[in-house]
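A.B. asks: My questions will all concern the structure given below.
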Amino acid sequence: MTETGKERLRERLAAARRAIPAADRAARSREVALRVAALPAFARARVVALYAPMGAEVDTAELARLALAAGKTLAWPRLAGGTRRLGFAACDPAALVPGPLSTRQPPPGAPEVPFEGIDLVCVPGVAFDPALRRLGRGGGYYDATLPAFGGWTVRVGLAFEAQVVPEVPAEPGDAPVDLLATEARLLGLAGRPPGG
Numbered sequence: 001m002t003e004t005g006k007e008r009l010r011e012r013l014a015a016a017r018r019a020i021p022a023a024d025r026a027a028r029s030r031e032v033a034l035r036v037a038a039l040p041a042f043a044r045a046r047v048v049a050l051y052a053p054m055g056a057e058v059d060t061a062e063l064a065r066l067a068l069a070a071g072k073t074l075a076w077p078r079l080a081g082g083t084r085r086l087g088f089a090a091c092d093p094a095a096l097v098p099g100p101l102s103t104r105q106p107p108p109g110a111p112e113v114p115f116e117g118i119d120l121v122c123v124p125g126v127a128f129d130p131a132l133r134r135l136g137r138g139g140g141y142y143d144a145t146l147p148a149f150g151g152w153t154v155r156v157g158l159a160f161e162a163q164v165v166p167e168v169p170a171e172p173g174d175a176p177v178d179l180l181a182t183e184a185r186l187l188g189l190a191g192r193p194p195g196g
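Note that our numbering numbers the sequence shown so that position 165 is 165, with each residue one more than the last.
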């Protein structure tokens, strides 16, 4: 698929996500959070990396609440100067501050969390498919970051069912996830039980 085709897919699915009424989106986000919180990988995790939602993305507020209630440390992405690879730092969700590109990120001085210190990372996306391929916003930040995590880190895509398509166009350098959680189901690769 050409970059133009990817852009059309992004526009169509971003519109579908925005079309979900806000109250519905909040309820569906809570369902996604419960699916992730039920994962064995979540139970084992000491450090969970989340994202602050942009626009109509799956909201991670309930997942943050569940993680903190279970005594886990939360890490959040922030843009690192001069590279597409994200860095992560630990802080309370209420401490997030405005960052570049309309993001919210940890404040200056928040302790950095190395990739090897993160047990589970939740990943946003515009589209996902059953093969766990992901289409992001187009900046390439998660594609540059996800390979930096080792085999110990479980990568979980968060999406609404409206964002799951039969096939996401993949190119070299596009990074898939290990699992996909929606309000309706959990998807893992065939032959491997979902849940990490």
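Glycine included, each C-beta is placed from N, C-alpha and C at the ideal position.
1. Would the beta-carbon of R28 fall within 8 Å of that of F128?
2. For R104, does the three-state DSSP call read helix, strand or coil?
3. Let me confirm a value: P106 is counted as buried when at least 16 other C-beta atoms fall within 10 Å, else exposed. Which label applies?
4. Taking 8 Å as the cut-off, decide whether the C-beta atoms of E183 and E31 are in contact.
5. Can you give me the Cβ contacts of A14 inside the same chain, cut-off strictly under 8 Å, excluding the 5 residues immediately before and after it?
6. How should T83 be labelled, buried or exposed, when 16 other C-beta atoms within 10 angstroms of its C-beta is the threshold for buried?
7. Applying the 10 Å Cβ sphere with the 16-neighbour rule, what's the burial state of P77?
8. Which residues in the same chain as T148 place their Cβ atom closer than 8 Å to its Cβ, once the five residues preceding and following it in sequence are excluded?
9. So, using beta-carbon positions, are L158 and V58 closer together than 8 Å?
10. Let's see if you can read the secondary structure: which residues bound the beta strand (DSSP E) around L180?
11. With burial defined as no fewer than 16 other Cβ atoms inside 10 Å of the residue's Cβ, what is the status of P176: buried or exposed?
12. Under 8 Å: do the segment 129-144 and the segment 67-76 share three or more Cβ pairs, one atom per stretch?
13. Ignoring anything shorter than 3 residues or poking outside the segment 3-70, list the beta strand (DSSP E) runs there in chain order.
14. Nearest to L214 by alpha carbon, out of G138, L120, F88, A90?
15. Which residue marks the beginning of the beta strand (DSSP E) containing A90, and which one marks its end?
16. Identify the residues that DSSP records as bridge partners of P98: which are they?
C.D. replies: Based on what the coordinates show:
1. No, the Cβ-Cβ distance between R28 and F128 is not below 8 Å.
2. Assigned with DSSP and collapsed to three states, R104 falls in strand.
3. Residue environment analysis places P106 among the buried positions, since at least 16 neighbouring C-beta atoms fall within 10 angstroms of its C-beta.
4. When the beta-carbon positions are compared, E183 and E31 come within less than 8 Å of each other.
5. So the qualifying residues of the chain are G55, A56, V126.
6. Looking at its Cβ environment, which holds fewer than 16 other Cβ atoms inside 10 Å, T83 is exposed.
7. P77 comes out buried.
8. It is Ala, not Thr, that sits at residue 148 in the sequence shown. Excluding the 5 residues flanking it on each side, A148 has same chain C-beta neighbours closer than 8 Å at R85, F115, in chain order.
9. Their beta carbons are under 8 Å apart, which means L158 touches V58 by this criterion.
10. Element bounds for L180: 179-181.
11. Around the beta carbon of P176, a 10 Å sphere encloses 16 or more other beta carbons of the protein chains shown; the residue is thus reported as buried.
12. Verdict: no, contact absent.
13. Fully enclosed beta strand (DSSP E) runs of 3 or longer: 47-49.
14. Since the first residue shown for the chain is 1 and the last is 196, residue 214 is missing from the structure and cannot be characterised.
15. Start and end: 86-90.
16. Within the DSSP bridge table, the entry for P98 names R104 as partners.
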